[in-house]
Amino acid sequence: MTASTALLAGRNPFALDDDDAYRRWRDWKLAGAPRGAEDLLVEIDDPCRLADSEREAIVARCRTSNMAVYASRSSGEGKDVARLLGEQLGLRRLDANWLADEDGISTLSVSERGTRGEYIPYTDRPIRWHTDGYYNPPQRTIAAMLLHCVERAAEGGANRLLDHEIAYILLREADPAHVRALSAPDAMSIPPREAEAGGQEGAAAAVARQLQAGPVFSLLAPGGNLHMRYTARTRSIAWRDDAATRAAVQALRAILEAGGPWVLGLRLEPGMGIVCNNVLHERDGFVDSPQRRRRLLRARYHDRIAGTHASHLAAFAG
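No gaps in the numbering here: position 103 of the sequence shown is 158 in this note's numbering, and each next residue is one more.
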């Protein structure tokens with residue numbers, strides 16, 4: 056059965072009533088899962104001009120693991136390194152989030168003053184498990200992201216990565232009811248964010264972002280790939296108030312805190328980067344020095360990496 060035939064036959068491993076399809080996909084997924092960050096590594100020459108073999112190696116890892124790590128000879132001081140690398144992987148629809156630079160690519164470094172300094176990615180504090188853009192509305196779903204290291208910190212700043220499809224498997228194996236609860240359309244809500252001060256005197260506070268309620272697990276059109284929307288934060292977040300959701304959230308937190316062989320750790324060096332279909336990730340706190348001030352380029356996209364659409368149906372090919 057080919058992947059397209061499987062799709063037409065309605066084989067959906069993410070449907071809780073299709074246990075046979077789920078088990079076949081689960082076995083395929085776990086058999087090909089990386090056992091260490093080195094399994095994701097692709098050495099490249101110039102990230103702005105990938106060789107065909109380099110591009111295919113990155114896509115192949117993303118097809119099975121939703122992520123790849125690259126190491127290049129260029130630290131990439133300019134924004135082109137992120138923009139051009141993304142374009143070569145089919146990533147063109149940048150998410151122009153409100154703290155990004157004008158070109159839609161964010162420069163992540165410690166900001167000691169201004170609005171950015173109020174948000175953890177622009178500090179040296181640790182960042183807990185999350186997927187990017189969990190506060191975005193559905194029409195701005197973050198399907199992929201890219202991180203490129205220009206300079207690392209003097210100490211700390213390591214990342215841990217977990218393929219969200221592996222997290223789904225671990226949760227479904229624990230209890231399919233957890234997946235059902237976290238697939239509810241109002242499972243996780245992010246409260247509104249008020250606009251910055253500066254409007255007319257006496258005017259009501261403007262809302263810069265409306266309340267965003269949505270599921271943790273959903274499927275992306277048109278390929279039916281699994282998407283995860285999650286944050287381990289306990290502030291500025293509300294979970295659906297029922298026993299099933301509380302149990303599911305606790306089970307997911309326990310999986311993430313336990314670590315285990317599926318969690319991959321690494322620290323990016325200059326010229327290295329991560330490209331992924333918005334997998335779960337967290338970051339350690341870090342310490343800068345005058346010689347080493349951590350600086351990363353981050354790009355978020357509404358596209359998935361080219362060549363990874365409906366990649367889960369590879370379990371039914373052949």
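Using N, Cα and C, we set each Cβ at its ideal position, and we do this for glycine too.
Being a predicted model, the structure only gives us computed values, none of them experimental.
For S291, does the three-state DSSP call read helix, strand or coil? In the displayed model, S291 falls within coil according to three-state DSSP, outside both helix and strand.
Can the beta-carbon of N121 be found closer than 9 Å to that of D241? No.
Buried or exposed by the 16-neighbour rule on C-beta atoms within 10 Å, applied to L266: L266 comes out exposed.
Taking the CB atoms as reference points, tell me whether A199 and V114 lie closer together than 9 Å. No. Outside cutoff.
E220 to R148, Cα distance in whole Å? When rounded, the distance between both Cα atoms is 23 Å.
Ends of the alpha helix (DSSP H) at G141? Start and end: D135 to Q143.
On the DSSP bridge assignment, give the partners of V124 in chain order. Answer is L96 and I329, bridged to V124.
Residue span of the beta strand (DSSP E) that contains Q305, given as start and end: No beta strand (DSSP E) holds Q305; the alpha helix (DSSP H) holding it covers A298 to A313.
Closer than 8 Å to a non-hydrogen atom of the ligand ATP - does that hold for the CB of D75? Looking for the ligand ATP in the displayed structure turns up nothing, as the structure carries no ligands at all.
Would V136 pass as a contact of R116 if the rule is Cβ separation under 9 Å? R116 sits away from V136, with the two beta carbons spaced by 9 Å or more.
Considering only C-alpha positions, which residue in the set H367, A369 and H357 is nearest to R195? Ranking H367, A369 and H357 by Cα distance to R195 puts H357 first.
From the DSSP output, in three-state form, read off V205 for me. Strand.
List the DSSP bridge partners of I160. DSSP output for I160 lists A354 as bridge partner(s).
Neighbourhood of R288 by C-beta, 8 Å cutoff - its chain only, sequence neighbours within 5 removed: When the five nearest sequence neighbours on each side are left out, the beta carbons in the same chain lying within less than 8 Å of the beta carbon of R288 are those of R183 and H185, in order along the chain.
Leaving aside the five residues before and after A106 along the sequence, list all residues of the same chain whose C-beta is less than 8 Å from its C-beta, in chain order. The residues are I99 and D100.
Looking at the secondary structure, which residues open and close the alpha helix (DSSP H) in which A86 lies? Counting along the chain, the alpha helix (DSSP H) containing A86 begins and ends at D74 to A86.
For G211, would you say it is in contact with chain C, using Cβ-to-Cβ distances shorter than 9 Å as the test? In summary, chain C is missing from the structure at hand, where a single protein chain is found.
Counting Cβ pairs closer than 8 Å, one from the region 223–242 and one from the region 338–358, do we hit at least three? No contact exists between the region 223–242 and the region 338–358.
Using only CA atoms, which one of R215, L201, V124 and D296 lies nearest to A239? Nearest C-alpha to A239: D296.
From R128, D94, P325 and A372, residue whose alpha carbon lies closest to that of R104: When R128, D94, P325 and A372 are compared, the shortest CA-CA separation from R104 is found for R128.
Have a look at F88 and A298 and give me their C-alpha separation to the nearest angstrom. A quick correction: the sequence has Ala, not Phe, at residue 88. Note on geometry: alpha-carbon atoms of A88 and A298 lie some 33 Å from one another.
Would you give the residue range spanned by the beta strand (DSSP E) that H282 belongs to? DSSP places H282 inside the beta strand (DSSP E), whose first and last residues are N280 to M283.
DSSP-derived helix/strand/coil call for A222: In the three-state DSSP reduction, A222 falls in the helix class (H, G or I).
Is F341 near R350, with beta carbons less than 9 Å apart? By the CB criterion at 9 Å, F341 and R350 fall outside the cutoff.
Give me the DSSP bridge partner(s) of R267. Checking the sequence shown, residue 267 turns out to be Gln, not Arg. Its beta-bridge partners are I245.
Neighbourhood of R215 by C-beta distance below 6 Å, restricted to the same chain and skipping five residues each side: The beta carbon of R215 lies closer than 6 Å to those of V318, G320 and E337 in the same chain, with the five residues before and after it left out.
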